[in-house]
Amino acid sequence: MHHTRAARHTLLGALATLALVPVVACGRSVSPPASAPPVPSPSSSSSVTRPHASPKTFAGEFAELERAFDARLGVYAVDTGTGREVAYHDGERFPYASTFKALAAGAVLRTYSLGGMGRVVTYSTKDLVAHSPVTEKHVKTGMTLDALCDAAVRYSDNTAANLLLDQLGGPKGLDAVLEELGDDVTHMERREPELSRWTPGSTRDTTTPRALAGDLRAFVLGDVLGPPERARLTHWLRTNTTGDETIRAGIPKGWAVGDKTGTGSGYGARNDIAVVWPPGRAPIVMAIMSRRAEAGAEHDNGLIARAASVVVATLP
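Written out as structure tokens, the structure reads:
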């Protein structure tokens with residue numbers, strides 16, 4: 001694998017630096033205020049004008065969102081220019097679902113570099129799994145690694161994601177890549193679609209908002225990848241087709257967003273991870289994760305969008 005030793009030192013150094021930055025707030029230790037300001041609706045999120053939010057205020061807003069949506073919410077965001085953080089249940093485990101596809105694409109780029117992404121991967125109809133809108137059209141010809149990454153990140157194609165995992169040695173292979181980068185929190189065990197079938201108390205195929213944001217930051221903004229590879233991954237994220245109703249819906253107009261969504265097959269799990277580029281400022285990295293208590297519960301994109309708007313108001 002390329003850049004392994006340099007990437008490890010770079011990410012570990014970055015994480016050590018972040019550890020020295022005071023966390024703005026953590027949902028476990030801050031009680032909601034008696035009367036939190038109203039949380040902006042998705043329709044108003046494109047023009048957030050609230051003043052700078054205090055730790056107590058945004059913790060209360062996240063708690064209010066949990067009550068309103070009857071869900072558990074985990075949030076971690078960092079302004080990479082100032083180091084300021086927003087953290088709420090950021091060390092709690094959630095099923096990561098399809099958000100891993102962005103990391104898998106990054107790991108493939110790291111392994112093969114841009115020059116090797118033209119390699120063709122062949123597969124058969126037996127390899128196809130549910131929700132494979134791109135790969136199902138190319139069984140006869142196979143697809144390049146570049147095209148598989150595009151399908152996995154931009155269209156959340158499950159077969160493409162599994163084929164990328166094959167190039168990395170399976171879920172354990174991607175897990176090992178993340179460990180090399182300093183992430184010993186994420187537990188990757190299964191493939192699609194099984195990995196999205198989470199049950200309460202299980203640590204399989206789970207991570208925390210803080211760890212997931214750190215991984216995305218390493219691949220998109222760190223030097224884990226070379227400049228051409230970072231540019232390609234960034235392009236996939238910024239042209240993602242599945243995130244219009246999640247983090248993007250809570251971000252002001254004119255801000256660029258590169259994201260990867262994830263949806264669990266039970267317990268209302270819904271996530272989105274993103275790098276956000278405000279005009280004229282350093283990027284913000286955020287991971288917003290959610291789940292519900294009932295097995296048959298549906299997810300709500302509005303929860304993710306409104307949580308993103310709270311982050312934006314807190315890191316103006």
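Once you know that position 309 of the sequence shown is 309 in my numbering, the rest is easy, because the numbers rise by one and skip nothing. All C-beta atoms in this analysis are idealised placements derived from N, C-alpha and C, irrespective of residue type, glycine included. Just so it is clear, the structure is predicted and the values come from calculations on it, not from any experiment.
One or two residues paired with residue i in a DSSP bridge
i: P95; result: T206
i: T144; result: V120
i: E85; result: V78
i: G258; result: V275
i: T263; result: R270
Where the alpha helix (DSSP H) through residue i begins and ends
i: L163; result: N158 to L168
i: G106; result: F100 to Y112
Pick from the options that is closest to residue i, judged by C-alpha positions
i: G182; options: M143, G222 and Y155; result: G222
i: V310; options: E85, T125 and G81; result: E85
i: E192; options: N271, G170, T82 and A282; result: G170
i: G91; options: W277, D184, E189 and A282; result: D184
i: E298; options: A269, K260 and H131; result: A269
i: A104; options: H131, S156, Y76 and M286; result: S156
i: H235; options: D244, G258 and R248; result: G258
i: A287; options: A68, R281 and D79; result: D79
i: L109; options: F94, A147 and T263; result: A147
i: P252; options: K101, L164 and I284; result: I284
Where the beta strand (DSSP E) containing residue i begins and where it ends
i: N271; result: R270 to W277
i: R291; result: I284 to R291
i: T234; result: T234 -> not in any beta strand (DSSP E); alpha helix (DSSP H) instead, spanning P227 to R238.
Coarse secondary structure for residue i, derived from DSSP in three states
i: V311; result: helix
i: D79; result: strand
i: L73; result: strand
i: H187; result: strand
i: P38; result: At P38 the pLDDT is 34, less than 50, meaning the model places this residue with poor confidence and gives no usable figure here.
i: T57; result: helix
i: T135; result: helix
i: P193; result: coil
Three-pair Cβ contact test at 8 Å for the segment 170-188 versus the segment 135-146: no
Cβ contact (3+ pairs, closer than 8 Å) linking the segment 210-217 and the segment 226-233: no
Segment contact flag, the segment 115-135 with the segment 287-294, C-beta cutoff 8 Å, min 3 pairs: no
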